[in-house]
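A.B. asks:
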Amino acid sequence: ASAADSGTQMASAARIISGHGTGAGRGRTTSVSQPGTTTSRTAAALLIASRRTNSFLPNEDSDGPAHSPRRGRVTRMDASRYLDCLAVDYGDLRDAVAAVEATATVPSCPGWTVADLAVHVAQVYLHKAAIMGTGEEPDPWPPPGLAAEPLLPLLGRAYGELRAEFRVHEPAEAVPTWFDPDQTVAFWIRRMAQETLIHRIDAELAAGLPVTPVPADLGADGADEVLKRMLAYSSRKWPEEIGRASCRERV
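Just so you know, we're using the working numbering here: the sequence shown kicks off at 329 and counts up by one.
1. Can you list, in chain order, the residues of its chain whose CB lies under 6 Å from that of tyrosine 453, leaving out five sequence neighbours each side?
2. Please report the Cβ distance between aspartate 530 and leucine 445, rounded to the nearest whole angstrom; I am assuming they are in contact, meaning their Cβ atoms lie under 8 Å.
3. Can you tell which of Cys437, Pro438, Val449 has its C-alpha closest to the C-alpha of proline 470?
4. Can you tell me where the alpha helix (DSSP H) holding tyrosine 561 begins and where it ends?
5. Considering only DSSP beta bridges, list what alanine 502 is partnered with.
6. Provide the residue(s) that pair with threonine 433 in DSSP beta bridges, ordered along the chain.
7. Quick one: is threonine 505 buried, meaning 16 or more other Cβ sit within 10 Å of its Cβ, or exposed?
8. Starting from leucine 546, follow the alpha helix (DSSP H) in both directions and report where the run begins and ends.
9. List the endpoints of the continuous alpha helix (DSSP H) containing alanine 426.
10. Work out the CA separation of alanine 458 and proline 499 for me, nearest whole Å.
11. In the DSSP assignment, find the unbroken alpha helix (DSSP H) run with alanine 475 in it and report its ends.
12. Roughly how many angstroms lie between the CA atoms of arginine 404 and aspartate 552, to the nearest whole one?
13. Count the other CB atoms, across all protein chains shown, that sit within 10 Å of the CB of threonine 441; report buried if there are 16 or more and exposed otherwise.
14. With burial defined as no fewer than 16 other Cβ atoms inside 10 Å of the residue's Cβ, what is the status of valine 542: buried or exposed?
15. Could you check if aspartate 508 is buried or exposed, using at least 16 other CB atoms within 10 Å of its CB as the buried criterion?
16. Helix, strand or coil for arginine 404, going by three-state DSSP, please let me know.
17. Rounded to the nearest angstrom, how far is the Cβ of cysteine 413 from that of alanine 521, given a contact under 8 Å?
18. Between the C-alpha atoms of histidine 497 and glycine 463, what's the straight-line distance to the nearest angstrom?
19. In angstroms with no decimal places, state the Cα-to-Cα distance between serine 562 and glutamate 569.
20. Quick one: is alanine 560 buried, meaning 16 or more other Cβ sit within 10 Å of its Cβ, or exposed?
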């Protein structure tokens, strides 16, 4: 399979597992998780991922920092590593958006254009910056007028606000999140690194660019987050949502 096909399947698998929708609910960003995925869709996505992760995830013989060969456990990355990955993937996402028309379609997000993707990412960044800045969920959300802003300046403004909040808050500082066991800034640092990774791949696919390989530690950490937080935790927290193919995104 081509690199583009592999990237599409990887991005689609991660989106299906995590409950990311197909675009009908674009622009809706809240801080509570809504899985919206069936057991069969999850199993299919995991099968796709298992066949496409050789260049993304470490194997049992890996001596990389993200994997324990003896127990098969993922070792948590620290905040500085997440922030480094966030910076790199944001830069690649921004460059991909700049390289293609705003009306171009995003193959891994049926129904989305590059403009939809860029506005979504900006909304996510601004939403998390608002949570950290105020200590509470912003309401109403999203703010009006975002879709009317030029895409690259909007992305730059949103990313700048997100990074500014990360700079002034320690990872252990308490802030609201949708994951009850972790109500800290560290949760959002990890979540934004993983969110940016997936949408960076989306943007590269939309622009027809080669999909940049995912670092082994970040890829393994993403699988760990999806399985433990977005599936295991969310299925207990919101069992009524399991089995519903929701297009709404909660990140």
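Cβ atoms here follow ideal geometry from the backbone N, Cα and C, with glycine treated the same way.
Source: prediction; values computed, not measured.
C.D. replies: Answer, in terms of the structure:
1. Taking the sequence shown and counting its residues from 1, the one referred to as residue 453 is at position 125. Correct list, in chain order: Ala486, Tyr487, Leu490.
2. Along the sequence shown, read from residue 1 onward, the residue named residue 530 stands at position 202. Along the sequence shown, read from residue 1 onward, the residue named residue 445 stands at position 117. Right, the Cβ-Cβ distance comes to about 6 Å (below 8 Å), so this counts as a contact.
3. Numbered from 1 along the sequence shown, position 142 holds the residue referred to as residue 470. Measuring from the Cα of proline 470, the nearest candidate turns out to be Val449.
4. As a position in the sequence shown, residue 561 is number 233, starting the count at 1. Counting along the chain, tyrosine 561 falls outside any alpha helix (DSSP H), and DSSP gives it neither H nor E.
5. Residue 502 sits at position 174 when you count from the first residue of the sequence shown. Note: alanine 502 sits in a beta bridge opposite Thr512.
6. The residue you call residue 433 lines up with position 105 of the sequence shown. DSSP, once it has assigned bridges, lists Thr441 as partnering threonine 433.
7. The residue given as residue 505 occupies position 177 in the sequence shown. Buried is the label assigned to threonine 505, since at least 16 other Cβ atoms lie within 10 Å of its Cβ.
8. By 1-based counting over the sequence shown, the position of residue 546 is 218. First-last of the alpha helix (DSSP H) with leucine 546: 544-553.
9. Numbered from 1 along the sequence shown, position 98 holds the residue referred to as residue 426. Annotation for alanine 426: the continuous alpha helix (DSSP H) segment containing it runs 407-426.
10. Working through the sequence shown from its first residue, we reach residue 499 at position 171. Working through the sequence shown from its first residue, we reach residue 458 at position 130. Each residue's alpha carbon lies about 16 Å from the other.
11. As a first step, residue 475 is located in the sequence shown; it is residue number 147 there, counting from the start. Where alanine 475 is concerned, there is no enclosing alpha helix (DSSP H), given that its DSSP letter is neither H nor E.
12. By 1-based counting over the sequence shown, the position of residue 404 is 76. By 1-based counting over the sequence shown, the position of residue 552 is 224. If you take the alpha carbons of arginine 404 and aspartate 552, they lie about 9 Å apart.
13. Here residue 441 refers to the residue found at position 113 when the sequence shown is read from its first residue. Around the beta carbon of threonine 441, 16 or more other beta carbons sit within 10 angstroms, so the residue counts as buried.
14. The residue given as residue 542 occupies position 214 in the sequence shown. With 16 or more other Cβ atoms within 10 Å, it is buried.
15. For this step, residue 508 is matched to residue 180 along the sequence shown. It is exposed - the Cβ of aspartate 508 has fewer than 16 other Cβ atoms within 10 Å.
16. One-based indexing of the sequence shown puts residue 404 at position 76. Coil, per DSSP.
17. Mapped onto the sequence shown, residue 413 falls at position 85. Mapped onto the sequence shown, residue 521 falls at position 193. With 8 Å as the limit, cysteine 413 and alanine 521 qualify as a contact, their Cβ atoms being about 5 Å apart.
18. For the purposes of this step, residue 497 is identified with residue 169 of the sequence shown, where counting begins at 1. For the purposes of this step, residue 463 is identified with residue 135 of the sequence shown, where counting begins at 1. In this model, histidine 497 and glycine 463 are separated by some 11 Å (Cα to Cα).
19. Taking the sequence shown and counting its residues from 1, one reaches residue 562 at position 234. Taking the sequence shown and counting its residues from 1, one reaches residue 569 at position 241. Using only the alpha carbons, I get a separation of about 9 Å.
20. The count along the sequence shown starts at 1 and reaches residue 560 at position 232. Alanine 560 comes out exposed.
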